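Be aware that the sequence shown starts at 54, since it is given in my numbering, and climbs by one per residue.
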Amino acid sequence: MENLEGLIEQAPELIVTYGMKIIFAIVIFVIGKYCAGIAKKLSSKLMTKRKVDPTVISFVSNMAWSLVFVFTIVATLGQIGVQTASLVAVIGAAGLAVGLALQGSLSNFASGVLMVMFRPCRVGDYVEAAGIAGTVNEITIFSTKLLTPDNKLIVAPNSAMMDGTIINYSAMDTRRVDFVIGVSYDADLLETKKVLTRVIENNQYVLKDPAYTIALSELADSSVNFVVRPWVKGSDYWPAYFEILEQIKLALDEANIGIPYPQMDLHLKETPAVASSAAA
């Protein structure tokens, strides 16, 4: 009874003391979370002004948010009364076990750092990696987000991106468009080459330098194949591809140069037994 009476007497003081601690802890958490957002926006803004690569901006701003948020959690627990030194020690002791359990996540984090350092691809590049292809939308701490041409969002682990081959189609300013154009064996080869040359030289996307290539490449089973290899700006690749292919077909039709299609000659041979039966 005496203990109960003592607790009742101390209740207002305990409520005030711990109530204030909880209130201050909530305030610290709210302010800290707000500061984390500010840190992310501020770091992003400063790097944007200095024209830092968007890939680095995205990665560093996410890191800034994470660091401030972790510090906020530690400060909040310290305000409640949790011994932060002990907490840090426990976190450190558990770090090994967590690291073993999260090997994949740690690998993704390390791969993300390597992607920012060596920059095999940047935000806005069209790449093919880990069996997928798309435009790099964002590189985060653990994953890379790609947008496909039909506007699908693909989230790929950073480790999968870095462990394989990355084909970056946007790394260079120019790209070569490769065509294989087959014409009939009856076609005039010199006239065919003139027609193809005229199409390439008059196309709006084709660059003067590097020079294009038009050459006879193969005497195939049913066609004579020319390779046509003009150079265009990287951003004009697909418009150039579709337009040049259409213009080549129209120009060959206008010049009465045939484009062969697969066909089969069938020869029927009459056997003696069949012939005798037919005669009877």
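Even for Gly, the Cβ is constructed at its ideal location relative to N, Cα and C.
In this text the structure is predicted, and so the values were computed from the model without any measurement.
Exercise. In whole angstroms, what is the alpha-carbon distance linking Ile253 and Leu95?
Worked result: 50 Å
Problem set entry | Segment contact flag, the region 211–220 with the region 270–282, C-beta cutoff 8 Å, min 3 pairs | no
Exercise. Which of helix, strand or coil does DSSP assign to Glu55?
Worked result: Caution is warranted here: a pLDDT of 49 is assigned to Glu55, below 50, making its placement in the model unreliable, and the coordinate value is therefore given only provisionally. Note: Glu55 maps to helix in three-state DSSP.
Exercise. So which of Phe122, Trp118, Val113 and Lys98 has the shortest CA-CA distance to Phe82?
Worked result: Phe122
Exercise. Three or more beta-carbon pairs under 8 Å between the region 99–117 and the region 71–80, yes or no?
Worked result: no
Exercise. With distances taken between CB atoms, is the gap from Leu200 to Gly187 smaller than 8 Å?
Worked result: yes
Exercise. Which class does Pro210 belong to by DSSP, given the choice of helix, strand or coil?
Worked result: strand
Exercise. If you check the beta carbons only, do Asn278 and Ile234 fall under 8 Å apart?
Worked result: yes
Exercise. Between Gln132 and Ile194, what straight-line distance do the alpha-carbon atoms span, to the nearest angstrom?
Worked result: 29 Å
Exercise. Given Leu260, which residues of its chain have a CB within under 8 Å of its CB, disregarding the five upstream and five downstream residues?
Worked result: Thr227, Pro283, Trp284, Val285 and Lys286
For this session: Tell me whether the beta-carbon of Arg251 lies closer than 8 Å to the beta-carbon of Ala293.
Result: no
Problem set entry | Rounded Cβ spacing between Ile192 and Val169 (contact assumed at less than 8 Å) | 7 Å
Exercise. What did DSSP end up calling Thr101 once you bin it into helix, strand or coil?
Worked result: helix
For this session: With distances taken Cα to Cα, identify the nearest neighbour of Ala240 among Ala308, Asn204 and Val189.
Result: Ala308
Problem set entry | Distance CB(Asn221)-CB(Asp178) smaller than 8 Å | yes
Exercise. Does the Cβ-Cβ distance between Val230 and Ile297 come in under 8 Å?
Worked result: yes
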